[in-house]
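Participant: Per this note's numbering, residue 1428 is the first one in the sequence shown, and the count goes up by one each step.
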Amino acid sequence: MKECFEMFGINIEREKMAANKGKRTQAKLCLNNLWGRFSLRNFGLSQCKITDDPSEYVKMCDDPAITVNHCHELTEDGTVLIDYIKKKDWVEEHDSSNVIISLWTTSAARIHLLHAMQKVVRTPGCQLLYTDTDSLIFSHPTHLN
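1) Find the nearest neighbour of PHE1465 within the set HIS1539, SER1524, ILE1509, judged by alpha-carbon distance.
2) So for CYS1488, helix, strand or coil by DSSP?
3) Mind pulling the beta strand (DSSP E) runs of 3 or more residues that sit fully within the region 1449 to 1490?
4) When the distance is taken between beta carbons, is PHE1470 closer than 8 Å to LYS1515?
5) Looking at C-alpha atoms only, which residue of ILE1437, LYS1546, HIS1539, ILE1528 is the closest neighbour of LEU1467?
6) In whole angstroms, give me the CA-to-CA distance for MET1487 and VAL1495.
7) Look up LEU1563 in the DSSP assignment and say whether it is helix, strand or coil.
8) If I follow the unbroken alpha helix (DSSP H) through CYS1431, where does it start and stop?
9) Grab me the residues of PRO1568's own chain with a C-beta within less than 7 Å of its C-beta, minus the 5 sequence neighbours each way, in chain order.
10) Tell me whether ASP1510 sits in a helix, a strand or coil according to DSSP, three-state version.
11) According to DSSP, is GLU1442 helix, strand or coil?
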């Protein structure tokens, strides 16, 4: 609370704090979705186009900016689904994509995980068994909290 006041000028009063699982879940979902939007890849994602116009199909096959992966006939009257990927030289940046935010968030999370790993390793009797991007599994004697 002291750190929050020093950094942001916000005074948090402990007696006014109350647990609210619904708000916490909603805030976490919002933050994860925002992070996902900022971290959205600009290259390598396939896209689909549905058309029944033969000239549009030929135009897409001849387009130097894309690579057509598959063409699936959907109906007997000529409606097709064209699965394609934009070539790397032609990729346009997303309006909401921000590699700096995603890099900073990932590095901060890894540092947090590293501190947790170090705490486990430095505790006598504890053994680090497994880590993932957001969690760790360890063994400890039953008398340790």
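Cβ coordinates follow ideal geometry from the N, Cα and C atoms, glycine included.
Facilitator: Let's see:
1) Among HIS1539, SER1524, ILE1509, the Cα nearest to that of PHE1465 belongs to SER1524.
2) In this structure, DSSP gives CYS1488 a helical state, which the three-state scheme calls helix.
3) Entirely contained in the region 1449 to 1490, the beta strand (DSSP E) runs reaching 3 residues are, in chain order, 1474 to 1478.
4) Contact annotation: LYS1515 and PHE1470 have beta-carbon atoms nearer than 8 Å.
5) Nearest option by C-alpha distance: ILE1528.
6) Near 8 Å, if we compare the C-alpha coordinates of VAL1495 and MET1487.
7) Reduced to three states, the DSSP call for LEU1563 is strand.
8) Note, CYS1431: alpha helix (DSSP H), 1429 to 1435.
9) If we look at PRO1568 and ignore the five residues flanking it on each side, its Cβ neighbours are GLY1552.
10) In the three-state reduction of the DSSP assignment, ASP1510 falls in the strand class.
11) Three-state result, GLU1442: helix.
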